[in-house]
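A.B. asks: Chains as they are written, first to last, in this note's numbering: chain R, 360 to 794; chain D, 382 to 515.
Glycine residues also receive a C-beta, built at the ideal position from the N, C-alpha and C atoms.
Bear in mind the structure is a predicted one, so any value in this text is a computation, not a measurement.
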Amino acid sequence: MTAYYQKEIETASREEILKIQNEKIRKQVKHVYENVPYYRNLMEEKGVTPDDIQSVDDIKKLPFLSKADLREAYPDGLLAVDLKDCVRIHSTSGTTGKRVVAFYTQHDIDLWEECCARAIVAAGGSEEDVLQVCYGYGLFTGGAGLDGGSHKVGCLTLPMSSGNTDRQIQFMMDLGATIICCTPSYAAFIGETLAEKGYKPEDNKLKAGIFGAEPWTEEMRQNIQNSLGIKAYDIYGLTETSGPGVAFECEAQSGMHINEDHFYAEVIDPDTGEVLPEGSKGELVFTALDKEAFPLLRYRTRDICVLSREKCPCGRTHVKMSKPMGRSDDMLIIRGVNVFPSQIETVLLNEGYTPNYQIEIGRKNNTDTLDIYVEADPSKISDKIADIQDMEASLASAMRTMLGIGPKIHLVPPKTITRSEGKAVRVIDNRKLHD
Amino acid sequence: MAITQLSVFLENKPGKLYEVVKRISEAGINLRAMTIAEVRDFGILRIIVSDAKKAMEVLEDDHIITTTEVVSAVMEDKAGALYDILQALESANVNIEYMYAYTGEVTGSANVVFRVDDIEGAEAQLREAGVQVL
Ligand SMILES: [Zn+2]
Numbered sequence: 360m361t362a363y364y365q366k367e368i369e370t371a372s373r374e375e376i377l378k379i380q381n382e383k384i385r386k387q388v389k390h391v392y393e394n395v396p397y398y399r400n401l402m403e404e405k406g407v408t409p410d411d412i413q414s415v416d417d418i419k420k421l422p423f424l425s426k427a428d429l430r431e432a433y434p435d436g437l438l439a440v441d442l443k444d445c446v447r448i449h450s451t452s453g454t455t456g457k458r459v460v461a462f463y464t465q466h467d468i469d470l471w472e473e474c475c476a477r478a479i480v481a482a483g484g485s486e487e488d489v490l491q492v493c494y495g496y497g498l499f500t501g502g503a504g505l506d507g508g509s510h511k512v513g514c515l516t517l518p519m520s521s522g523n524t525d526r527q528i529q530f531m532m533d534l535g536a537t538i539i540c541c542t543p544s545y546a547a548f549i550g551e552t553l554a555e556k557g558y559k560p561e562d563n564k565l566k567a568g569i570f571g572a573e574p575w576t577e578e579m580r581q582n583i584q585n586s587l588g589i590k591a592y593d594i595y596g597l598t599e600t601s602g603p604g605v606a607f608e609c610e611a612q613s614g615m616h617i618n619e620d621h622f623y624a625e626v627i628d629p630d631t632g633e634v635l636p637e638g639s640k641g642e643l644v645f646t647a648l649d650k651e652a653f654p655l656l657r658y659r660t661r662d663i664c665v666l667s668r669e670k671c672p673c674g675r676t677h678v679k680m681s682k683p684m685g686r687s688d689d690m691l692i693i694r695g696v697n698v699f700p701s702q703i704e705t706v707l708l709n710e711g712y713t714p715n716y717q718i719e720i721g722r723k724n725n726t727d728t729l730d731i732y733v734e735a736d737p738s739k740i741s742d743k744i745a746d747i748q749d750m751e752a753s754l755a756s757a758m759r760t761m762l763g764i765g766p767k768i769h770l771v772p773p774k775t776i777t778r779s780e781g782k783a784v785r786v787i788d789n790r791k792l793h794d
Numbered sequence: 382m383a384i385t386q387l388s389v390f391l392e393n394k395p396g397k398l399y400e401v402v403k404r405i406s407e408a409g410i411n412l413r414a415m416t417i418a419e420v421r422d423f424g425i426l427r428i429i430v431s432d433a434k435k436a437m438e439v440l441e442d443d444h445i446i447t448t449t450e451v452v453s454a455v456m457e458d459k460a461g462a463l464y465d466i467l468q469a470l471e472s473a474n475v476n477i478e479y480m481y482a483y484t485g486e487v488t489g490s491a492n493v494v495f496r497v498d499d500i501e502g503a504e505a506q507l508r509e510a511g512v513q514v515l
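1. Mind checking whether Thr676(R) and Ala371(R) have CB atoms under 9 Å apart?
2. Could you tell me whether the Cβ atoms of Ser453(D) and Ile425(D) are closer together than 9 Å?
3. If you follow the alpha helix (DSSP H) that Arg657(R) is part of, which residue opens it and which one closes it?
4. Rounded to the nearest angstrom, what separates Pro434(R) and Gly550(R) at their Cα positions?
5. Could you give the residue range of the alpha helix (DSSP H) that holds Cys474(R)?
6. Going by the beta-carbon positions, is the gap between Ile384(D) and Val439(D) smaller than 9 Å?
7. Do Lys590(R) and ligand 1 come close, with the Cβ less than 8 Å from some heavy atom?
8. Let's see if you can read the secondary structure: which residues bound the beta strand (DSSP E) around Lys559(R)?
9. Can you check whether the CB of Ile569(R) is closer than 9 Å to the CB of Ser488(R)?
10. Taking any heavy atom of ligand 1 as the mark, which residues have a C-beta closer than 6 Å to it, listed down the chain?
11. Run through chain R and tell me which residues come within less than 8 Å of Ala418(D), C-beta to C-beta.
12. Assign Ser388(D) to buried or exposed, taking buried as 16 or more other Cβ atoms, counted over all protein chains shown, within 10 Å of its Cβ.
13. Using a beta-carbon distance cut-off of less than 8 Å, what residues from the stretch 713 to 747 of chain R approach chain D?
14. Please report whether the beta-carbon of Thr385(D) lies at a distance below 9 Å from any beta-carbon of chain R.
15. Excluding the five sequence neighbours on either side, which residues of its own chain have a C-beta within less than 6 Å of the C-beta of Ala482(R), listed in chain order?
16. With distances taken Cα to Cα, identify the nearest neighbour of Ala469(D) among Asn492(D), Glu504(D), Lys435(D), Met437(D).
17. Who are the near neighbours of Ala476(R) in its chain, counting only those whose CB is closer than 7 Å to its CB and skipping five residues on each side?
18. Taking the runs of the beta strand (DSSP E) that are 3 residues or longer, which of them lie wholly in the stretch 485 to 569 of chain R?
19. Quick check on the burial criterion: 16 or more other C-beta atoms within 10 angstroms. Buried or exposed for Asn492(D)?
20. Report buried or exposed for Tyr623(R), applying the criterion of at least 16 other Cβ atoms within 10 angstroms of its Cβ.
21. Going by C-alpha distance, which of Tyr658(R), Val665(R), Ile692(R) is nearest Tyr398(R)?
22. Show which residues of chain R have a CB atom less than 7 Å away from the CB atom of Asp422(D).
23. With DSSP collapsed to three states, give me the class of His793(R).
24. Between Val626(R) and Gln465(R), what straight-line distance do the alpha-carbon atoms span, to the nearest angstrom?
25. Kindly say whether Arg427(D), judged by its beta-carbon, lies nearer than 9 Å to any beta-carbon of chain R.
26. Leaving out five residues before and five after Glu369(R) in sequence, what residues of the same chain have Cβ atoms less than 6 Å from its Cβ?
27. Going straight from the alpha carbon of Ala611(R) to that of Ile379(R), what length do you get?
28. List the endpoints of the continuous alpha helix (DSSP H) containing Gly502(D).
29. Is there contact here, the stretch 595 to 603 of chain R with the stretch 495 to 508 of chain R, by at least three beta-carbon pairs under 8 Å?
30. Helix, strand or coil for Thr705(R) per DSSP?
31. Quick one: grab the DSSP three-state call for Glu637(R).
32. Would you kindly work out how many angstroms separate the C-alpha atoms of Tyr481(D) and Met532(R), rounded to a whole number?
33. From Thr449(D) to Gly641(R), what does the alpha carbon distance come to, in whole angstroms?
34. Taking Cβ positions only, does Pro766(R) come closer than 9 Å to chain D?
35. Do you know how far the Cα of Glu719(R) is from the Cα of Val786(R)?
36. So that I know if they touch, is there some Cβ in chain R lying closer than 9 Å to that of Phe390(D)?
Have a look at this one:
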C-alpha cells in the first residue's frame, strides 16, 4: 500500500489540479504585479496585465525571470511582502552579487516543509522513522527543508548537518537511523567509510535515502543502494523556488513528481523561450503558485529535462520531471556548489595570472574533483619546487574563497592549454553524467 | 666564477622531457649535466649546457625556463672528498638549497653543483680550502 503525506492533493485528478492552479495563478500574478515593481516593469514592457492571466495556459504570456534578474534585484528587489511578515531567509552559495537571497513567510515555510514531507513519505517515511539529515544547516536550504519535512511527518530527526563522518556513523548506528538525507556523493562516501570500518550493509538500520543538490547517475544510485542496503530516492529543488522538495521521487524511482499544486512547470526552448510540447527536452521553468514572500514567476532554472504525464504506479497524479540532463548555460555544479568559469577568471586576474586556464572536472571515489590548469608567467616562476608549490597553494586558497570549494591547481607552461580553432577549451567534464 | 644553470619547468606528462632534450640536441648544444627534481604533478629539470644563451633561445618560447647561478666545484674521486667540500661550506655558514654531481672533464674527478644562498662566500671558502672551483 502506497502511503501519502497528503493523499487527496497528491492523487487528485488532472481537472482538480488545474482548477487549483488556475485559482492560484490569478491571485499570484495580481500579488506580484502589485508588490514587486521589478516584475511589474517586466510585465509592462511585455504589455501584459494581471487581467490577461486567467489560467495556467496564460502563463506563457508572462515574462521570464533569469539568474541575471535575481542578481540585479539583489538583495530584496523581488520581495513581495513587508519584511515584518518574513520569518527567514536562505541563500545560494556563490559570491556576493551572485548570491540569491530567498525570503520566506511562515506560510512559505509551511508549504515548503509540506513538500519535503511528501518526499519523505514517498520514500517510506512515517512517525516510526529516525531521519538523519546530513545536509548542511544554515543558509543552505538542504538541512532546513528536510528537517522541517521530517518534523511534519513526525520522524525522530537527527539534525547532524554536513561533515564529521565518524560522528554521522556513530549516531546512525547508536540511534538506529532509518532514513538518511544528504548529497549523493556524501551518501556514497558514508557507504565506503562504513565498509572500511568493517560494517556490512545489513549492519545499519537504514532503509531509504533522499539525495539531491547535485547531479548523480543511475550507476551511483546502484552503488549507494548496495553499499548502504537502502533504496535511494532523488529530490529536486532550488533556493529560488524554496529549496528541496519542489519535486521528489516515489517508489517507482523513474522521475520526480513535481508538487503541481504549488509549482507550475514548463519546458522551453532555451534559445527561443518558446514553450515546448510535453515530452520534449528543454529548459525547466517554474512558476511559484502560492509562495508569498519570494514568488518567482517563470523562473528559468537552466536545468535541461523532460516532463512526463505517464500514469505512475504509485498513484500520484502530479507530472514527473526527469533527472536534469545538463545545464543550459555554462554554470557547473561541482560537489553541489554552483561554479561559474567567470569566477575562476576573476581570481586569476586578481592574483596576477593571465586568464589562460582549463577546468577539468572528474569524479574520484564518488566525489567530484576539480583541477584547474593555469598557464604561468615564466618570469614569476622560481626554480625551487617549494616556491612553485607555494604559488599553487596560494592560488588554490584564493579559489576556495571565491568558489566555496577547493580546487587542485596545476601551473603549466605558457601556450600549453589545449586550443581548438584558436579558442581555448575551458571546461572538460569527465564525470560522464549524461551519456 | 659561478656558472649558469637552466631550470625548465616540466609538467609530469609523457614526452615532456624528451621534447626538451630533443630541442637542445637539435640545436647542437652539449648537455653537460642534468638532474630532475620532481613532485607528483610537475618536475624541474635542471641542466648545465655548453651554451646557456642558445638553449634559452630554443626553449623559452613555450617553456617556463629560468636561469640560476650555481657554484660548481671539482671533486676528486677519493673517500672523503665531498665531506671536505661540505665542511668548507658549513664553516662559512652557506646554506645549500640543492646539489648534484656530474662526471668531470678530468679523469678521476667529478663536478659537484651547488645552489647556495651566498655564491661569492661559498666560492671564496672553497678556494681557501683548496677546492677547485669552475
Ligand atoms: Zn510515482
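C.D. replies: Concretely, from the data shown:
1. yes
2. no
3. Looking at the DSSP string, Arg657(R) is not in any alpha helix (DSSP H), and its letter there is neither H nor E.
4. 39 Å
5. 465 to 481
6. no
7. no
8. Element bounds for Lys559(R): n/a, residue is neither H nor E.
9. Just to set this straight, residue 488(R) is Asp in the shown sequence, not Ser. Contact: no.
10. Cys609(R), Ala611(R), His616(R), Cys671(R), Cys673(R), Arg675(R)
11. Ile744
12. buried
13. Ala735, Pro737, Ile740, Ser741, Asp742, Lys743, Ile744, Ile747
14. no
15. Ala567, Ile569, Tyr592
16. Glu504(D)
17. Tyr364, Gly508, Lys511, Val512
18. 489 to 492, 515 to 518, 538 to 541
19. buried
20. buried
21. Tyr658(R)
22. His769
23. At His793(R) the pLDDT is 48, less than 50, meaning the model places this residue with poor confidence and gives no usable figure here.
24. 30 Å
25. yes
26. Tyr363, Arg675
27. 26 Å
28. 500 to 509
29. yes
30. helix
31. coil
32. 56 Å
33. 58 Å
34. no
35. 6 Å
36. yes
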